[in-house]
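Here the protein sequences line up with chains A and B, keeping their order. Numbered by the working numbering, the letters in the first sequence go through residues 505 to 611 in order. Numbered by the working numbering, the letters in the second sequence go through residues 505 to 611 in order. Ideal Cβ positions, reconstructed from N, Cα and C, are used throughout, including at glycine. Before any comments, here is the structure.
There are 2 protein chains.
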Amino acid sequence: MMDPKTKALFEARAQVMKALAHPTRLFVVDELSRGERCVNELQQMIGSDMSTVSKHLSIMKTAGIIADEKRGNQVFYSLLVPCVMNFFGCVESVLQIKARQTTELLG
Amino acid sequence: MMDPKTKALFEARAQVMKALAHPTRLFVVDELSRGERCVNELQQMIGSDMSTVSKHLSIMKTAGIIADEKRGNQVFYSLLVPCVMNFFGCVESVLQIKARQTTELLG
DNA sequence: GGGCTGTTTGGCAACATAGCCAAATAGCAA
DNA sequence: TTGCTATTTGGCTATGTTGCCAAACAGCCC
Numbered sequence: 505m506m507d508p509k510t511k512a513l514f515e516a517r518a519q520v521m522k523a524l525a526h527p528t529r530l531f532v533v534d535e536l537s538r539g540e541r542c543v544n545e546l547q548q549m550i551g552s553d554m555s556t557v558s559k560h561l562s563i564m565k566t567a568g569i570i571a572d573e574k575r576g577n578q579v580f581y582s583l584l585v586p587c588v589m590n591f592f593g594c595v596e597s598v599l600q601i602k603a604r605q606t607t608e609l610l611g
Numbered sequence: 505m506m507d508p509k510t511k512a513l514f515e516a517r518a519q520v521m522k523a524l525a526h527p528t529r530l531f532v533v534d535e536l537s538r539g540e541r542c543v544n545e546l547q548q549m550i551g552s553d554m555s556t557v558s559k560h561l562s563i564m565k566t567a568g569i570i571a572d573e574k575r576g577n578q579v580f581y582s583l584l585v586p587c588v589m590n591f592f593g594c595v596e597s598v599l600q601i602k603a604r605q606t607t608e609l610l611g
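Written out as structure tokens, the structure is:
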């Protein structure tokens with residue numbers, strides 16, 4: 505039945521994964537892996553409303569993935585946990601498997 | 505503005521991450537990393553309704569993370585992409601950062 | 001102070017997800 | 001065929017997420 509401690513652990517982990525489970529947020533992670541960026545820069549690259557971008561950043565900040573630093577009237581974000589970049593390689597191999605499955609399906 | 509190809513890539517990646525962004529599904533991945541399990545076994549460990557477990561499995565199968573194999577009247581699931589196990593260590597370090605942040609906040 | 005730029009927050013409507021129940025399906029054995 | 005076990009699917013409601021707009025807030029310069 506999964507004891508409460510174990511359950512809490514998997515819930516905490518899921519919370520972090522959720523914070524990464526959005527295309528925009530994955531893009532931000534990728535971008536921040538190359539250095540800090542201010543919200544304005546990210547917003548220009550992403551193209552969504554500024555408030556939308558800000559909320560995405562807030563989600564990842566709360567999750568502990570990124571950090572913010574105010575300088576003047578700008579806020580710079582940086583990647584706290586570079587190891588998340590290692591996810592991409594593995595995710596790519598999942599995508600390959602999926603692609604292979606689709607190919608098989610189509611014969 | 506992010507060109508369509510790049511956008512599609514991050515959307516595909518997010519789809520895989522989403523399939524992992526749930527405590528039950530992370531538990532299943534962890535369990536399957538120790539060997540194949542049938543739905544019934546997983547259901548017993550998880551404690552949710554059988555249909556709920558089945559749907560979680562279906563989501564991960566569609567994502568390309570796990571595979572199913574029918575033997576007799578049972579269906580056995582196995583982990584297709586063991587590298588997802590490497591996520592846990594990194595997620596743990598995110599959780600540590602979050603814990604440290606909380607500690608600081610409380611003084 | 002007022003006006004400007006940059007960012008966050010609140011609110012809301014659209015959409016997606018989760019989990020339960022009930023019903024359907026599949027395999028096996030009598 | 002019937003009956004039994006194992007699993008999936010459909011349908012529903014409750015809950016969570018997303019993204020926009022508008023409003024608030026913060027820092028700077030006049």
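Check your understanding: Can a CB atom of chain A be found closer than 7 Å to the CB of R538(B)?
Key -> The sequence position of residue 538(B) within the second sequence is 34, counting from 1. With 7 Å as the cut-off, R538(B) does not count as an interface residue toward chain A.
Exercise for review: Could you tell me which uninterrupted alpha helix (DSSP H) segments, each at least 4 residues in length, are contained entirely in the region 554 to 582 of chain B, listed from first to last along the chain?
Suggested key: Here the runs fully enclosed are 554 to 567.
Point to revise | Inter-residue Cα distance where the pair is V595(A) and P586(A) | key: The residue labelled residue 595(A) in the question sits at position 91 within the first sequence. The residue labelled residue 586(A) in the question sits at position 82 within the first sequence. Taking the CA atoms as reference points, V595(A) sits about 16 Å from P586(A).
Review point. P527(B) to D534(B), Cα distance in whole Å?
Key: Within the second sequence, the letter at position 23 stands for residue 527(B). Within the second sequence, the letter at position 30 stands for residue 534(B). Taking the straight line from one Cα to the other gives about 11 Å.
Check your understanding: Taking one C-beta from the region 552 to 565 of chain A and one from the region 561 to 576 of chain B each time, how about it: are there three or more such pairs within less than 8 Å?
Key -> No: fewer than three Cβ pairs fall under 8 Å.
Practice item. Would you identify the three-state DSSP class for R541(B), choosing helix, strand or coil? Key: Against the second sequence, residue 541(B) aligns to sequence position 37. Residue state, collapsed to three classes: strand.
Check your understanding: L530(B) to C542(A), Cα distance in whole Å?
Key -> For the purposes of this step, residue 530(B) is taken as the residue at position 26 of the second sequence. For the purposes of this step, residue 542(A) is taken as the residue at position 38 of the first sequence. Between the alpha carbons of L530(B) and C542(A) lies a distance of about 33 Å.
Exercise for review: Apply the 10 Å Cβ neighbour rule to A512(B) and answer buried if 16 or more other Cβ atoms are within range, or exposed otherwise.
Suggested key: Here residue 512(B) refers to the residue found at position 8 of the second sequence. By the 10 Å Cβ count, A512(B) comes out exposed.
Check your understanding: Within the 7 Å Cβ cut-off, does H526(B) reach chain A?
Key -> Numbered from its first residue, the second sequence carries residue 526(B) at position 22. For H526(B), the nearest CB of chain A lies under 7 Å from its own CB, placing it at the interface with that chain.
Check your understanding: Sorted by chain position, which residues of the same chain lie with C-beta nearer than 8 Å to A523(A)'s C-beta, five sequence neighbours on each side aside?
Key -> Locating residue 523(A) in the first sequence gives position 19, counting from the first residue. So the list reads R529, I563, M564, T566, A567 and I569, once near-sequence residues are dropped.
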